[in-house]
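Working notes, beginning with the structure itself.
Number of protein chains: 4
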Amino acid sequence: MYSFKDDYSETGHEKILSDLLKISRTQFDGYGLDSISEDAKNFIRQRFALDKNDADIHFISGGTQTNKILTHCALSSIEAVIAADTGHICVHETGAVESNGNKICVIPNKDGKLIPSDIEKIYYAHTDEHMVKPKLVYISQATEIGTVYKKQELENLYKTCKKLNLYLFIDGARLGAALASNGMDIKPQDMANLCDAFYIGGTKNGSPLGEALCIINKKLNENFRYYLKQDGALLAKGALIGSCFKTLFTDDLFFDLAKHSTAAAQKMKKALVEKGYRMYSDSPVNMIFPVLPNEIIARLQKDYKFHVWEKVDDSHSVIRLVCSWATSDEEIDKFIAAIF
Amino acid sequence: MYSFKDDYSETGHEKILSDLLKISRTQFDGYGLDSISEDAKNFIRQRFALDKNDADIHFISGGTQTNKILTHCALSSIEAVIAADTGHICVHETGAVESNGNKICVIPNKDGKLIPSDIEKIYYAHTDEHMVKPKLVYISQATEIGTVYKKQELENLYKTCKKLNLYLFIDGARLGAALASNGMDIKPQDMANLCDAFYIGGTKNGSPLGEALCIINKKLNENFRYYLKQDGALLAKGALIGSCFKTLFTDDLFFDLAKHSTAAAQKMKKALVEKGYRMYSDSPVNMIFPVLPNEIIARLQKDYKFHVWEKVDDSHSVIRLVCSWATSDEEIDKFIAAIF
Amino acid sequence: MYSFKDDYSETGHEKILSDLLKISRTQFDGYGLDSISEDAKNFIRQRFALDKNDADIHFISGGTQTNKILTHCALSSIEAVIAADTGHICVHETGAVESNGNKICVIPNKDGKLIPSDIEKIYYAHTDEHMVKPKLVYISQATEIGTVYKKQELENLYKTCKKLNLYLFIDGARLGAALASNGMDIKPQDMANLCDAFYIGGTKNGSPLGEALCIINKKLNENFRYYLKQDGALLAKGALIGSCFKTLFTDDLFFDLAKHSTAAAQKMKKALVEKGYRMYSDSPVNMIFPVLPNEIIARLQKDYKFHVWEKVDDSHSVIRLVCSWATSDEEIDKFIAAIF
Amino acid sequence: MYSFKDDYSETGHEKILSDLLKISRTQFDGYGLDSISEDAKNFIRQRFALDKNDADIHFISGGTQTNKILTHCALSSIEAVIAADTGHICVHETGAVESNGNKICVIPNKDGKLIPSDIEKIYYAHTDEHMVKPKLVYISQATEIGTVYKKQELENLYKTCKKLNLYLFIDGARLGAALASNGMDIKPQDMANLCDAFYIGGTKNGSPLGEALCIINKKLNENFRYYLKQDGALLAKGALIGSCFKTLFTDDLFFDLAKHSTAAAQKMKKALVEKGYRMYSDSPVNMIFPVLPNEIIARLQKDYKFHVWEKVDDSHSVIRLVCSWATSDEEIDKFIAAIF
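Residue numbers (my numbering), protein chains in the order written: chain A, 2 to 341; chain B, 2 to 341; chain C, 2 to 341; chain D, 2 to 341.
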């Protein structure tokens, strides 16, 4: 069985793991205050042009943890998150945000995305102390259905957020793939101007674990390390994730891996479209959502793992196919052949 | 600068890291439901004789996270933990348990430990709905000051807990060192009979990350994976920690590393005692607490990192010296020489 | 300015307040363990036929507090509430349920109500530990838009809940008005068979404060008084609310007041319908939602307080008119005259 | 059985209850935004000289609720309360503060009180992100054992708090009795200069319910009404507590009642001391703690309710005797006679 189920099936890139082996017995200071984490942060600061903002970076094990802690630190109990109904925090994090005590105000998504007028509408609907106070807008780049925000879209969203005194936070579990996608007009060095905080997903782009949370707006960074500790996210051996990111941002490995996984998925997409299958969403990243006849799906399931996303009609369903940094051309070709 | 500050300075044992490198591109199911984690659990179940209890095991990144999630799952909001004032959860976890909504009922420690009569006293003092309901007793093996519970002590504690319908949970961040300590009469296979849950510390015994939480009492395991996810601890690449523990429990590496670190610290202790220095606590594990003249401490600090634990009098302080799986004989000899 | 804004504008019925004056200096046991609260509970048990179920009753100051504490006690952190998007807990309680740590799974309402198939759908969509566990269904009788559940509807809902192992909880802030409404086929003595818990609203039916929470299902009552205390709801002078309910359930005052307020609102409704105005919802209780031309609304606002509920089109809006136990015939006639 | 168990046994003063009866059918705006609450606030502002500070006042049902909400609003999850081990929030509020997610750093009391050097010690012991951040000091005036802070003591505490950037909050459940106590050098108009927030206890001084929380420091008032609502404390009929306080602060009824209860208890104390009994604490307020032979206690228990506070030796115990605004001279004389 080969898996197109997700982009975190393979443990991690060889360079990352062999760099870890090299520092097996090196002594580091604990809790992320080590020199290798500092190196990694500097590499990221440079590549994402974060220096001018004096942004802070925190390495965190996974995405749910990052979303949970950022919102925990940013919000008081009576403040709320605004998110699309398809947002990962709304659906697949077992109420992590609510377990902090915070409500999520949910907006029906438009192609997996939020638009300024919906944010305004929900903001102005919350008028007094009988309702929570919306305070932070959560979006994903790329979204759960693989769509991406273009530069103008993010600029408009952020402008609306600033007008309404809302924070804008970007879940970048698949930021690499989004930045590597065809037609994307956002560059790494633009990110700091487009939001108050974002995270760079490592887990879904070749690292055995870890996300790099970049906090631009100082208000979101207040006492942040206290929240890391309280929420159980301050790894004793912080150098572990630091080293992973140092390798990822050496010689642009991070972007090379993202280009690889995105190209792999888009190759599959092209083949499917040419054969006349339609896509559930317009996804330019490393996951695609073809609509297939159920009998083909059943046949594929004998040799492949993937998610059946949702039923379309009695004879068709959407499936999700995800390529990773480790997906080989050979496997893609075999899969394409298997469909027909 | 050489560090005796803690047992988590070095990244991880070579065998563990090279085993990770071997599975770089192997595909695994996500979230800890992979075959390598299953192997690791079976190795642990066998070595700790957990099979007869059908105990469940969960791999979690770190100790604070483990303590937080176990108590989160075990307790309702009106139930409380009983712990010694020196307990890690009371002092050095930034209110992680309280952030779940739970109170900790604190008992002054006796050599870092709890005794049955203190538990009874605090239990019976909580009489009605104006006070929380004590429900879980938290202890550490070894304790924060390196002391250990002998078998009879744990049996007595557990008997008291069962009588009062309290859970007994053992924080085993340094369980390896405790089991390896001179005079210890508890064997791995005894643990399941001595408590409702315990964890086997990996981070402080050679693993780059990870603790193995062993839940004997089924009540503590209800919906546990939901809590793992909600609290941000369910790593997408669960095979990462699984592999670390599989290696640790292959050929008894775990116990070999614990013996090494414990022997190293005890060698230092012996040398210090022979030179007439007294110890703050009777610690048989991989950390010791000598009382030294301040001028010697100041001199050592030029070449060594360690914690100054507390002031004794105007001219003496207690320091904490911790040895790890990676501490070499040579470094110990150099340090002993440096003292005198 | 006369107010039709709500049913809690007037302080409380004279009988209730004069009964309080009579016990000014009588000594009672604290925290609701007094004889007068016991009397009140017995009166309610008898009138609602709760005896056979050995139901427990708790007097709580207000509705949000009741909803918060019931869900706090009923649910663990990973369990969730199912509610209609119009539910009071979703909209007008400032995230009280979420501040307990619990998510609300929201369903688009059907005339303010939930139906079994929607509950099934949301229940079965929550499949594993990446999502919360729905556990309690929250409905209101009457709903926020004045509609009511008939007996068969509640029976169907409760059957579905029991099948799926979900609790059914009825917010009865306006239970009196619902039971008094024309065509209602549910009797007080039916309530215990239709849900796991419900509350009888005092505040909106003549009491200066207080709701009577009736817990049928023993599981929801476990340690309940601990939650009352922890959440700040255990009044030292519990006899205060006890006395209010004792008076309300003496000589059926509670039902007389509910009939009065319902009849008052329905009289207004009849007059409006006869004049050709349509209603936003089919409400048989003490609040009605006429659709009126904006210029009439503007004129009425000079002499009357009421909520403008929502915009219908550029020239019409829905308003909410609420009658209370204290609304006089004279005021209704004056208002009807004022419309035309 | 006559009760000296507490000062909240009797429902409420006749003037308060008859004033409520007078407004039975008067319409008020909801949620405390009514004219009668505004009147009450003005009376309090004037009597406590709060005007110059533009302090805000909130009426809340009870003491635990007030403590819970004030700390909920004041503190983020990683901030902590400092309190004496005897503090009501530590012992008798079922973990209400912890259920907000906040830790309480406990200090052994000195006669029920805190002193500046203890606050400094605990403050400076919290050094980094591995520990919570102490942020609010909680004290009671009078304390749980009836002792009181004199002006100089409060000035010193508040100076320390300001130096360390800590809030000082005074639980005034028995503030009336403290201000009425013999030798007290603090006047109502001093309170605003001695702390950041305090509450004036109504429940224990003649009101059927209600505490008046006075917030001097604006930072503690931010979004406060949102917390009132979220925590279930925003009574729909806010005029109810407003009216109670309006009556209490008309013609100084509040202070007259406090003088009465205090004088009653001190009369008992004088009689006991003259007979040679010693007091457990030096309490000048409406509750006293005599040490009595167990056989006398047993005899008294046949006719009187009171708390047995703690065992002194095998033949003696401390009891707590509390007088209220309603305790008559006759009852005191009878009790004194009963002792001998």
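Every residue, glycine too, gets a C-beta built ideally from N, C-alpha and C. Quick caveat, the model's predicted, so the values are computed rather than measured.
Beta-bridge partners of residue i, as assigned by DSSP
{"i": "residue 6 of chain C", "result": "DSSP, once it has assigned bridges, lists no residue as partnering residue 6 of chain C."}
{"i": "residue 159 of chain C", "result": "Answer is none; residue 159 of chain C lacks a bridge partner."}
{"i": "residue 168 of chain C", "result": "C/137"}
{"i": "residue 11 of chain D", "result": "C/28"}
{"i": "residue 74 of chain A", "result": "Answer is none; residue 74 of chain A lacks a bridge partner."}
{"i": "residue 107 of chain A", "result": "A/84"}
Residue range of the unbroken alpha helix (DSSP H) whose run includes residue i
{"i": "residue 175 of chain D", "result": "Run containing residue 175 of chain D: none; DSSP gives neither H nor E here."}
{"i": "residue 93 of chain B", "result": "Note, residue 93 of chain B: premise wrong, no alpha helix (DSSP H); not H, not E."}
{"i": "residue 121 of chain D", "result": "117-126"}
{"i": "residue 60 of chain B", "result": "Taken as a continuous stretch (DSSP letters only), residue 60 of chain B belongs to no alpha helix (DSSP H), being part of the beta strand (DSSP E) at 57-61."}
{"i": "residue 18 of chain A", "result": "15-23"}
{"i": "residue 187 of chain A", "result": "No alpha helix (DSSP H) holds residue 187 of chain A; DSSP gives it neither H nor E."}
{"i": "residue 240 of chain B", "result": "240-249"}
{"i": "residue 210 of chain B", "result": "Counting along the chain, residue 210 of chain B falls outside any alpha helix (DSSP H), and DSSP gives it neither H nor E."}
{"i": "residue 229 of chain C", "result": "225-231"}
{"i": "residue 330 of chain B", "result": "330-340"}
{"i": "residue 40 of chain A", "result": "36-48"}
CB contact check: residue i to chain B, cutoff 9 Å
{"i": "residue 188 of chain D", "result": "no"}
{"i": "residue 102 of chain D", "result": "yes"}
{"i": "residue 221 of chain C", "result": "no"}
{"i": "residue 235 of chain C", "result": "yes"}
{"i": "residue 309 of chain D", "result": "no"}
{"i": "residue 99 of chain D", "result": "yes"}
{"i": "residue 161 of chain A", "result": "no"}
Segment limits, beta strand (DSSP E) that includes residue i
{"i": "residue 318 of chain C", "result": "317-323"}
{"i": "residue 198 of chain A", "result": "198-202"}
{"i": "residue 314 of chain A", "result": "308-314"}
{"i": "residue 80 of chain B", "result": "80-85"}
is_contact[residue i, chain D] using C-beta, thresh 9 Å
{"i": "residue 89 of chain C", "result": "no"}
{"i": "residue 27 of chain C", "result": "yes"}
{"i": "residue 232 of chain C", "result": "yes"}
{"i": "residue 292 of chain B", "result": "no"}
{"i": "residue 320 of chain C", "result": "no"}
Minimum Cβ-Cβ distance from residue i to chain C less than 9 Å
{"i": "residue 226 of chain B", "result": "yes"}
{"i": "residue 95 of chain A", "result": "yes"}
{"i": "residue 107 of chain A", "result": "yes"}
{"i": "residue 313 of chain A", "result": "no"}
{"i": "residue 229 of chain B", "result": "yes"}
{"i": "residue 56 of chain D", "result": "no"}
{"i": "residue 15 of chain D", "result": "yes"}
{"i": "residue 334 of chain D", "result": "no"}
{"i": "residue 92 of chain A", "result": "yes"}
Taking a cut of 9 Å between CB atoms, which residues from the segment 125-148 of chain C lie near chain B? 129, 130, 131, 132, 133 and 134
Taking a cut of 9 Å between CB atoms, which residues from the segment 64-83 of chain D lie near chain A? 73, 74, 77, 78, 79 and 80
Scan the segment 168-185 of chain B for residues whose Cβ lies nearer than 8 Å to a Cβ of chain A and list them as they occur along the chain. none
Quick check on the DSSP output: what are the complete alpha helix (DSSP H) runs of length 4 or more inside the segment 276-311 of chain D, in order along the chain? 295-301
Taking a Cβ distance cut-off of 8 Å, strictly less, list which residues of the segment 236-255 of chain D are near chain C, in chain order. Taking 8 Å as the cut-off between beta carbons, the residues of the segment 236-255 of chain D near chain C are 236, 237, 238, 240, 241 and 244, in sequence order.
Any C-beta of chain B within less than 7 Å: which residues of the segment 259-278 of chain D qualify? none
When you check each C-beta in the segment 206-218 of chain C against every C-beta of chain D, which residues fall closer than 9 Å? 208, 209 and 210
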